[in-house]
Amino acid sequence: MRITGVRVVAATVLAALTLAMGACADDGGDAGTGSGSGDTANADGTIKEGLKIAFLPKQVNNPYFETSDNKGGKVAVEEFKGTYSQTGPSEASPSAQVSYINTLSQQQTDVIVVSANDKDAICGALTEAKTAGAKIVTYDSDTNPQCRDVFVNQATADGIAKSQIKLISDAVGPDGGEIAILSATANATNQNAWIEMMKTELAKPEYAKLKLVDTVYGDDQDEKSFQEAQGLLAKHPNLKGIISPTTVGVAAAARYLSGSSYKGKVQLTGLGTPNQMRAFVKDGTVKAFALWNPADLGYLAAYAGGALASGIITGKEGDKFKAGKLGEYTVGANGEVVLGDPFTFEASNIDQFDF
Ligand code: RAM
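Residue numbers (my numbering): 450 to 804.
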């Protein structure tokens, strides 16, 4: 099964090919040319040159953020002639990002683009940074809306949840059975929103035969996620499937299942990167999983930050801005900008992607 979103699929394919070829991003619009005077906001939508834009992911040693930031955000910032940087903790813990935010604020960073490990824990530091003049873009995982200017969401929580439940239902088959969720950290805003929506989805009559029996947390650490997957099988002998909506978790769970007697018997899906999941699709551990293009997410977040810092948008509903090769986006309710729909990877298409 595939969830289509023509623009996203096209952008995903384009970005994957771009990455594979190691080429620079195509400039399909005029937002990235940075041809303005350089120091004033332009109503015509030109991003100021020389903006300092810093990416602060949940954790730095995660291939997902490596792609979103260094292959997406960086490309965008270079297109509009800003200065790109990435910094952050090596573990995705709730308060670990606070000291990084303080430092970025002291360095007079124009835009902080952050994926929140906790919706409350970094709010104070972000509010201080805002007072000091920085624009705040959350991407991937939001804070409380009042602590940032715009949230660049990879897809709606509802869309992600629907995709995850459909994938596990298809994998498990018509008889259904017990399923469990292997999440990332317990406070992650994005994970918790998706889990809530998955429960709503599971309550629908068509999923009456699926029973969610457990939710465990691997903290986006490979080893802990592996052990939690192992623990799920030990605790629930009738388990039929696992959903792991984290790139770290789903890869670790796949590694565990693929080396165990459960391979092909206990189904696994989630949100993974094609490069981390390819071997497990090929060896039959995983039939299908989903994700968006992380590079596009970082690219869009950078353009949203550039637009905010140039006075093109303020973050209110209806504001429009151009995001280079991705085209025009409109800020929705609650300052949210949605990249697109999740995309399903499976044996028939996984080799087309390199990220
Ligand atoms: C992990 C992180 C991230 C999430 C992806 C799917 O890399 O938890 O926040 O969006 O997985």
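Just so you know, even glycine gets a beta-carbon here, dropped at the ideal spot from N, CA and C.
Got a sec, what are the start and stop residues for the alpha helix (DSSP H) Q535 sits in? Residue mapping note: residue 535 aligns to position 86 of the sequence shown, counting from 1. Per DSSP, Q535 belongs to no alpha helix (DSSP H); it is in the beta strand (DSSP E), 532 to 535.
To the nearest angstrom, how far is it from the Cα of E540 to the Cα of G733? As a position in the sequence shown, residue 540 is number 91, starting the count at 1. As a position in the sequence shown, residue 733 is number 284, starting the count at 1. Using only the alpha carbons, I get a separation of about 31 Å.
How should G622 be labelled, buried or exposed, when 16 other C-beta atoms within 10 angstroms of its C-beta is the threshold for buried? As a first step, residue 622 must be located in the sequence shown, where it is residue number 173. By the neighbour-count rule (16 or more Cβ atoms within 10 Å), G622 is not buried but exposed.
Sort N687, M647, Q546 by Cα distance to P538 and report the nearest one. Locating residue 538 in the sequence shown gives position 89, counting from the first residue. Checking every option, the nearest Cα to that of P538 belongs to Q546.
Are the beta-carbon atoms of Q555 and F504 separated by less than 7 Å? If you number the sequence shown from 1, residue 555 lands on position 106. If you number the sequence shown from 1, residue 504 lands on position 55. No, the pair does not count as a contact, with Cβ atoms beyond the cut-off.
Helix, strand or coil for G747 per DSSP? Start at 1 with the first residue of the sequence shown, and residue 747 comes out as number 298. Of the three classes helix, strand and coil, the one that applies to G747 here is helix, per DSSP.
Are the C-beta atoms of T696 and some chain D residue less than 7 Å apart? Here chain D cannot be found, since the structure has a single protein chain.
CB G499 to CB K771, shorter than 7 Å? Locating residue 499 in the sequence shown gives position 50, counting from the first residue. Locating residue 771 in the sequence shown gives position 322, counting from the first residue. No. Outside cutoff.
What residues in its chain sit with their C-beta under 8 Å from that of S484, if we drop five residues either side in the sequence? Translated into the one-based positions of the sequence shown, residue 484 becomes position 35. For S484, the predicted model reports a pLDDT of 32, less than 50, meaning its position is unreliable; a value from the coordinates is still stated below. Taken in chain order, the residues that qualify are T495.
Using DSSP with H/G/I as helix, E/B as strand and the rest coil, what is T428? With the chain covering only 450 through 804, there is no way to say anything about residue 428.
Counting pairs of beta carbons, one from the stretch 782 to 801 and one from the stretch 602 to 615, are three or more of them closer than 8 Å? In short, these stretches touch, since the Cβ pair count reaches three.
To test your reading of the DSSP string, which unbroken alpha helix (DSSP H) runs of 4 or more residues are found completely within the stretch 670 to 734? As summarised for the stretch 670 to 734, the continuous alpha helix (DSSP H) elements at least 4 residues long and confined to that stretch are 671 to 684, 696 to 707, 723 to 731, given in chain order.
Closer than 6 Å to a non-hydrogen atom of ligand 1 - does that hold for the CB of S710? Taking the sequence shown and counting its residues from 1, one reaches residue 710 at position 261. Taking 6 Å as the cut-off, the C-beta of S710 does not count as close to any heavy atom of ligand 1.
Residues near Y533 by beta carbon distance below 7 Å, same chain, minus five either side: As a first step, residue 533 is located in the sequence shown; it is residue number 84 there, counting from the start. Excluding the 5 residues flanking it on each side, Y533 has same chain C-beta neighbours closer than 7 Å at I502, G522, K523, V526, E527, in chain order.
Would DSSP call T638 helix, strand or coil? The residue you call residue 638 lines up with position 189 of the sequence shown. DSSP places T638 in helix when its eight states are reduced to three.
Cutoff 6 Å; reference G680; Cβ partners in own chain excluding five residues on either side: For the purposes of this step, residue 680 is taken as residue 231 along the sequence shown, with counting starting at 1. Correct list: empty, nothing qualifies.
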